[in-house]
Amino acid sequence: MFNFEEELKKLPKEPGVYIMRDDKDVILYVGKAVNLHNRVRSYFRENIGRGPMIDKMVSLIARFEYIVTDSELEALVLENNLIKENSPKYNTLLKDDKTYPYIKVTVGEEFPRILFSRVMKKDKSRYFGPYTSAGAVKDTIELLNKLYCLRTCNRSLPRDIGLERPCLNYHIKQCLAPCQGYVNKEQYREQVSQALEFLNGNYNLILKDLESKMKAAAEELDFEAAAGYRDLYNSVKQVSQKQKITDSVGEDKDILALYQDETEAVVQVFFVRDGKLIGREHYYMTHVSEGDKAGILENFVKQFYAGTPFIPRELMLQYEIGDRELIEKWLSGRKGGRVHIRVPKIGSKEKLVELAAQNAKHILDQDRERLKREEGRTIGAVKEIADVLGLSRIERMEAFDISNINGFENVGSMIVFEKGKPKPSDYRKFRIRTVTGPDDYACMREVLTRRFRHGIEESRELEEKELEREYGSFTKFPDLLMMDGGRGQVNIALSVLEELGISIPVCGMVKDDNHRTRGLYFNNIELPIDTRSEGFKLITRIQDEAHRFAIEYHRSLRSKTQVKSVLDDIPGVGPARRKALMRSFKSIEEIRQASVEELAALPELNRRAAEEIYGYFRKKEERET
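Per our numbering: the sequence shown = residues 497 to 1121.
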């Protein structure tokens, strides 16, 4: 079961995307955060005024996961990709057809233009982005057109050269007017190349120029012009941010990286579809050889892609693997097209592999912490109990409880904890046979006697058949008996064990006046235990589980008896008809009020059975009056 408190502790204080899922693993919400730790924790605090929609979503969350990124920008882009891919119910801002903007350079035209675009197509154009600010993109496009005197018209060139007069931009010296043939294709292309160089990352010259113009305008007290240069400077700065989440090439690829410790490794797989990172999965690899990262990655590739239905065109790996060419050939055969395996060394692709490795490390570190905490809650807690009682070893513990209501349907329960964890397969129920009335001591004596006699008899039978003791239902005896109560319950258990010739330590779980566990009763002494310790928490869990199991059994018997007392006395009504009646009429009162025709309409009842049921309730009414 997903432990929210434990998982919240493991959240990193880094930017990334978080994904909320319901109990059916359906994505409810995708969000981004500058600090995952703070943002995700905020959902699980009492927060008055956050709105009914958010409250409703939080009530449905069964688990969450996250993906770490290098920047808030990458988190924004990844958030958008995941929302587009999954359409979560509680995301509203990004589910329409709009997406983050791109800068499009129509290099397929003889006289290219720089355009604003929200869609990245596989045409002959070059795309840059996506970017997080549409305003910054528009400002940057306007700046580039002004700086390099590029055309903004929609004329088809060279076909339309000379057909119309040049536009205003030519007259204000912001366009070279290729529409009039005033600049040849080579000269114009040179201007476009400089704009492409800027978009490829060479921003410094323009940023320095804008900064100097801003300062100069400020010194001349032309604050309006300085503010304009400042806004342009900020727009260019925004556009200059790098991100790795979306690839302008627009291809399908998987990115694989791992993190390894002494005994196991985690392989992180990023799924890139149409150039967008749309999801990830992590996989555990056990029985790993220390230091053999390439071998682990190779084994994963062979095992994973042998079973996956989709194989992308490219696998980007963290390390070079052996038999690369052979594996490429095998994957190409499975895909029905060429598959490439590459190990990027520089650039955004290499950064993306690093990001996958970073996420793999987070997952393995957190799992290690979880296991450590789990061990403290289980094995460590058992050791604490053993130390309190002065026992050298405890592995299996059995706890017993009695449940009844004023002596009605006395039942007993036996639950088992091994190595600090519940073992439901070994739980047992006892319906009390020899005791009537509310006598918990007598009931406990019967339960313990039956439990251990079953074990002794089964052991004897298994020995005769030359079978191991593990084949029996009661043959495995506990290292410690834990009774729900103090001296009285402990003495009952000790007397039963003595009668049967069995030696097992017995302790009582003592409660205070508020029915809360306060300590252990052992060897005629009440031993205090630190209420903050894991040992104390384990005792409480055992006590609660024994009580729950007994109550549930008692409730089931009580409900069966109540239904039986009314319906099973009617001639011709067995289990099948009883279920049909309760399913159709919901209550005994509705059955009592039903006519013969309404009863006979049930497929499970014939006319005669319907008349018997109707007559039974009429006779009962006459007797009551």
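Idealized CB from N, CA, C, for every residue including glycine. Please read these numbers as outputs of a predicted model, since none were measured by experiment.
Cβ-based neighbour list, residue i, same chain, cut-off 6 Å, excluding 5 preceding and 5 following
{"i": "residue 673", "result": "662 and 666"}
{"i": "residue 839", "result": "813 and 816"}
{"i": "residue 513", "result": "528, 563, 571, 574 and 575"}
{"i": "residue 1076", "result": "1098 and 1100"}
{"i": "residue 600", "result": "611, 613, 621 and 623"}
{"i": "residue 1105", "result": "1068"}
{"i": "residue 688", "result": "608"}
{"i": "residue 1063", "result": "1069 and 1074"}
{"i": "residue 1114", "result": "none"}
{"i": "residue 581", "result": "774"}
Reference residue i, options the options, closest by Cα
{"i": "residue 645", "options": "631, 635 and 671", "result": "671"}
{"i": "residue 821", "options": "798, 842 and 841", "result": "798"}
{"i": "residue 439", "options": "1077, 954, 925 and 955", "result": "Residue 439 lies beyond the range of the chain shown here (497 to 1121); nothing can be said about it."}
{"i": "residue 1128", "options": "718, 900, 754 and 705", "result": "Because the chain is modelled from 497 through 1121, residue 1128 falls outside the range shown and cannot be assessed."}
{"i": "residue 521", "options": "568, 585 and 510", "result": "585"}
{"i": "residue 806", "options": "779, 748, 853 and 993", "result": "748"}
{"i": "residue 1018", "options": "1034, 1044, 1043 and 985", "result": "985"}
{"i": "residue 938", "options": "988, 923 and 921", "result": "988"}
{"i": "residue 540", "options": "768, 971 and 560", "result": "560"}
{"i": "residue 677", "options": "929, 861 and 660", "result": "660"}
{"i": "residue 605", "options": "566, 652 and 640", "result": "652"}
{"i": "residue 1034", "options": "907, 515, 879 and 962", "result": "879"}
{"i": "residue 976", "options": "899, 882 and 760", "result": "882"}
{"i": "residue 537", "options": "557, 818 and 848", "result": "557"}
{"i": "residue 978", "options": "990, 954, 1003 and 961", "result": "1003"}
{"i": "residue 510", "options": "631, 858 and 658", "result": "858"}
{"i": "residue 1013", "options": "1040, 710 and 1000", "result": "1040"}
{"i": "residue 775", "options": "752, 757, 841 and 781", "result": "752"}
Straight-line gap, residue i to residue j (C-alpha atoms, nearest Å)
{"i": "residue 1121", "j": "residue 1087", "result": "The predicted model places residue 1121 with a pLDDT of 46, which falls under 50 and marks its position as unreliable, so this point remains unresolved."}
{"i": "residue 738", "j": "residue 844", "result": "Only weak support is given to the placement of residue 738: the predicted model assigns it a pLDDT of 49, under 50, and the value that follows is read from those uncertain coordinates. Residue 738 and residue 844: Cα-Cα distance of roughly 9 Å."}
{"i": "residue 1036", "j": "residue 1008", "result": "13 Å"}
{"i": "residue 910", "j": "residue 829", "result": "58 Å"}
{"i": "residue 1059", "j": "residue 1083", "result": "Because residue 1059 sits at a pLDDT of 46, beneath the cut-off of 50, its placement in the model cannot be relied upon, and the following sentence gives the value as read from the coordinates. Answer to the nearest angstrom: the Cα atoms are 10 Å apart."}
{"i": "residue 994", "j": "residue 891", "result": "22 Å"}
{"i": "residue 1027", "j": "residue 852", "result": "42 Å"}
{"i": "residue 526", "j": "residue 914", "result": "39 Å"}
{"i": "residue 969", "j": "residue 922", "result": "8 Å"}
{"i": "residue 501", "j": "residue 649", "result": "59 Å"}
{"i": "residue 681", "j": "residue 656", "result": "14 Å"}
{"i": "residue 619", "j": "residue 602", "result": "9 Å"}
{"i": "residue 533", "j": "residue 507", "result": "5 Å"}
{"i": "residue 834", "j": "residue 825", "result": "8 Å"}
{"i": "residue 963", "j": "residue 974", "result": "20 Å"}
{"i": "residue 950", "j": "residue 998", "result": "13 Å"}
{"i": "residue 1108", "j": "residue 908", "result": "38 Å"}
{"i": "residue 918", "j": "residue 992", "result": "25 Å"}
{"i": "residue 795", "j": "residue 889", "result": "41 Å"}
{"i": "residue 801", "j": "residue 698", "result": "40 Å"}
{"i": "residue 832", "j": "residue 555", "result": "46 Å"}
{"i": "residue 854", "j": "residue 773", "result": "16 Å"}
{"i": "residue 664", "j": "residue 598", "result": "27 Å"}
{"i": "residue 850", "j": "residue 703", "result": "29 Å"}
{"i": "residue 1096", "j": "residue 931", "result": "43 Å"}
{"i": "residue 548", "j": "residue 542", "result": "13 Å"}
{"i": "residue 1001", "j": "residue 1020", "result": "12 Å"}
{"i": "residue 499", "j": "residue 758", "result": "26 Å"}
Own chain partners of residue i with C-beta closer than 8 Å, once the 5 adjacent residues on each side are dropped
{"i": "residue 1065", "result": "1112"}
{"i": "residue 1081", "result": "1087 and 1090"}
{"i": "residue 530", "result": "511, 568 and 571"}
{"i": "residue 679", "result": "672 and 673"}
Whole-angstrom C-beta distance between residue j and residue i, which should lie under 8 Å
{"i": "residue 1015", "j": "residue 1023", "result": "6 Å"}
{"i": "residue 980", "j": "residue 895", "result": "7 Å"}
{"i": "residue 788", "j": "residue 728", "result": "Between residue 728 and residue 788 the Cβ distance is about 53 Å, and since that is not below 8 Å, they are no contact."}
{"i": "residue 777", "j": "residue 765", "result": "5 Å"}
{"i": "residue 898", "j": "residue 940", "result": "6 Å"}
{"i": "residue 811", "j": "residue 750", "result": "5 Å"}
{"i": "residue 842", "j": "residue 823", "result": "About 24 Å; that fails the 8 Å criterion."}
{"i": "residue 856", "j": "residue 755", "result": "4 Å"}
Close-in-space but distant-in-sequence residues of the same chain around residue i (CB under 7 Å, 5 per side omitted)
{"i": "residue 1072", "result": "1100"}
{"i": "residue 690", "result": "644"}
{"i": "residue 587", "result": "525, 526 and 579"}
{"i": "residue 884", "result": "1016, 1023, 1025 and 1031"}
{"i": "residue 707", "result": "729"}
**Prompt:** At which residue ranges does the segment 895–961 contain complete beta strand (DSSP E) runs of 3 or more residues, listed in the order of the chain?
**Reply:** Secondary structure in the segment 895–961: the beta strand (DSSP E) runs of 3 residues or longer, each lying completely within the stretch, are 904–914 and 924–927 in chain order.
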